[in-house]
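As given, the protein sequences belong to chains A and B, one line each in that order. Residue numbering for the first sequence follows the numbering used here, starting at 5 and increasing by one per position. Residue numbering for the second sequence follows the numbering used here, starting at 5 and increasing by one per position. Ideal placement from N, C-alpha and C gives every residue a C-beta, glycine not left out. Model, not experiment: these values are computed from the prediction. Notes to accompany the following structure.
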Amino acid sequence: AQSVTQLGSHVSVSEGALVLLRCNYSSSVPPYLFWYVQYPNQGLQLLLKYTSAATLVKGINGFEAEFKKSETSFHLTKPSAHMRDAAEYFCAVSDPPGGTSYGKLTFGQGTILTVHP
Amino acid sequence: SQTIHQWPATLVQPVGSPLSLECTVEGTSNPNLYWYRQAAGRGLQLLFYSVGIGQISSEVPQNLSASRPQDRQFILSSKKLLLSDSGFYLCAWTARWGRADTQYFGPGTRLTVL
Numbered sequence: 005a006q007s008v009t010q011l012g013s014h015v016s017v018s019e020g021a022l023v024l025l026r027c028n029y030s031s032s033v034p035p036y037l038f039w040y041v042q043y044p045n046q047g048l049q050l051l052l053k054y055t056s057a058a059t060l061v062k063g064i065n066g067f068e069a070e071f072k073k074s075e076t077s078f079h080l081t082k083p084s085a086h087m088r089d090a091a092e093y094f095c096a097v098s099d100p101p102g103g104t105s106y107g108k109l110t111f112g113q114g115t116i117l118t119v120h121p
Numbered sequence: 005s006q007t008i009h010q011w012p013a014t015l016v017q018p019v020g021s022p023l024s025l026e027c028t029v030e031g032t033s034n035p036n037l038y039w040y041r042q043a044a045g046r047g048l049q050l051l052f053y054s055v056g057i058g059q060i061s062s063e064v065p066q067n068l069s070a071s072r073p074q075d076r077q078f079i080l081s082s083k084k085l086l087l088s089d090s091g092f093y094l095c096a097w098t099a100r101w102g103r104a105d106t107q108y109f110g111p112g113t114r115l116t117v118l
């Protein structure tokens with residue numbers, strides 16, 4: 005079974021500071037990994053995804069994440085936070101093609117990012 | 005381009021009343037469809053998924069059911085709502101063929117059961 009752990013349900017940073025949101029996964033097969041962002045009362049929007057190509061993945065809005073197999077991690081970073089980055093962020097895992105859970109996502113509990121002026 | 009719709013956007017229902025939430029996808033055919041529930045502080049829980057008309061898989065036992073009467077329509081229902089059914093319900097789709105790894109989400113329905 006797959007699982008995702010997001011360390012820290014709330015993260016607070018100052019505008020212009022580094023954003024680091026942590027995600028660790030557990031999977032019996034090489035995983036596909038995703039980060040989604042959710043603004044209040046809206047659906048989820050894909051930020052970026054890792055699908056076994058380059059381990060450093062760049063996404064929208066200046067975010068990136070690095071897949072580290074040895075650490076079973078897929079942390080999300082952004083060099084300089086902006087007020088508009090305030091939202092809830094979800095890490096998710098699925099199987100690769102051919103896996104029983106391909107196309108089905110297992111989500112972490114989410115991390116709420118607050119950005120202070 | 006593909007678009008996913010959900011309605012209603014918000015709903016307040018009394019305990020014991022029925023429920024019907026609808027999700028439709030435009031701009032694609034034969035999608036895989038998913039229903040999630042997001043309860044306060046509990047992340048997203050996959051409720052149902054469907055790979056075709058009339059084909060529904062339930063991920064967790066509960067007071068809800070799902071149906072797919074048409075290729076791009078996915079309905080979430082309940083005969084009698086419970087307080088614990090309150091939450092934010094999200095519908096999502098993936099492509100059936102090719103790159104089916106990415107799920108695209110609708111705007112969600114906020115359900116409050118009183």
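How is residue i classed by DSSP in three states: helix, strand or coil?
i      : result
A:N65  : helix
B:D105 : coil
B:D75  : coil
B:L87  : helix
B:R41  : strand
B:R46  : coil
B:R100 : coil
How would you label residue i, buried or exposed, when you count the other beta carbons within 10 angstroms and need 16 or more for buried?
i     : result
B:I8  : buried
B:L25 : buried
B:R46 : exposed
B:N34 : exposed
A:T59 : exposed
A:S32 : exposed
A:W39 : buried
A:H79 : buried
B:L48 : buried
So which of the options has the shortest CA-CA distance to residue i?
i      : options                     : result
A:L51  : B:V117, B:T106, B:T14       : B:T106
A:N65  : A:R88, A:K53, A:S74, A:L48  : A:R88
B:Y119 : B:L23, B:S24, B:G56, B:P22  : No statement about residue 119 of chain B is possible, as the shown extent of chain B runs from 5 to 118 and does not include it.
B:D89  : B:L50, B:S5, B:L115, B:S71  : B:L115
A:L24  : A:L11, A:P44, A:P35         : A:L11
A:S13  : B:A44, B:L50, B:I60, B:Y93  : B:A44
B:Q42  : A:L60, A:Y36, A:F94, A:E75  : A:F94
B:L118 : B:G47, B:G91, B:R76, B:R100 : B:G91
B:T113 : A:L48, A:Y106, A:T9         : A:L48
A:L109 : A:Y36, A:V41, A:S74, A:F78  : A:Y36
Quick check: does the Cβ of residue i come within less than 8 angstroms of any heavy atom belonging to the ligand GTP?
i     : result
A:A85 : Of ligands this structure carries none, so the ligand GTP is not represented either.
(request) Could you tell me whether the segment 73-87 of chain A touches the segment 18-27 of chain B, using the rule of 3 or more Cβ pairs below 8 angstroms? (result) Remark: fewer than three beta-carbon pairs, one from each stretch, lie closer than 8 angstroms, so the segment 73-87 of chain A and the segment 18-27 of chain B are not flagged as touching.
(request) Would you list, in chain order, the members of the segment 24-54 of chain B that have their beta-carbon closer than 9 angstroms to a beta-carbon of chain A? (result) Against chain A - using a Cβ distance shorter than 9 angstroms - the residues of the segment 24-54 of chain B are N36, Y38, Y40, Q42, G45, R46, G47, L48, Q49, L50, Y53.
(request) May I ask you to verify whether the segment 86-104 of chain A touches the segment 28-37 of chain B, counting CB pairs closer than 8 angstroms and requiring at least 3? (result) no
(request) Report the residues of the segment 92-111 of chain B with a CB closer than 7 angstroms to any CB of chain D, ordered along the chain. (result) Looking for chain D here will not work: the only protein chains present are A and B.
(message) Taking beta-carbon pairs under 9 angstroms, can you tell me which members of the segment 44-66 of chain A lie near chain B?
(response) N45, Q46, G47, L48, Q49, L50, K53, T55
(request) Check whether the segment 51-68 of chain B touches the segment 78-93 of chain B, counting contact only when three or more Cβ pairs, one atom from each stretch, lie closer than 8 angstroms. (result) yes
(message) Please identify, using Cβ separations under 9 angstroms, the residues of the segment 86-98 of chain A that lie next to chain B, in order along the chain.
(response) Those would be F94, A96, S98, in chain order.
(message) Tell me which residues of the segment 56-73 of chain B have at least one Cβ-Cβ distance to chain A shorter than 8 angstroms, keeping chain order.
(response) none
(request) Check each residue of the segment 11-43 of chain A: if its Cβ is closer than 9 angstroms to any Cβ of chain B, include it; give the result in chain order. (result) Going along the segment 11-43 of chain A in chain order, one finds S13, Y36, F38, Y40, Q42 with a Cβ nearer than 9 angstroms to chain B.
(message) Under 9 angstroms, CB to CB, which of the residues in the segment 107-118 of chain A have a partner in chain B?
(response) G107, K108, L109, T110, F111, G112, Q113, G114
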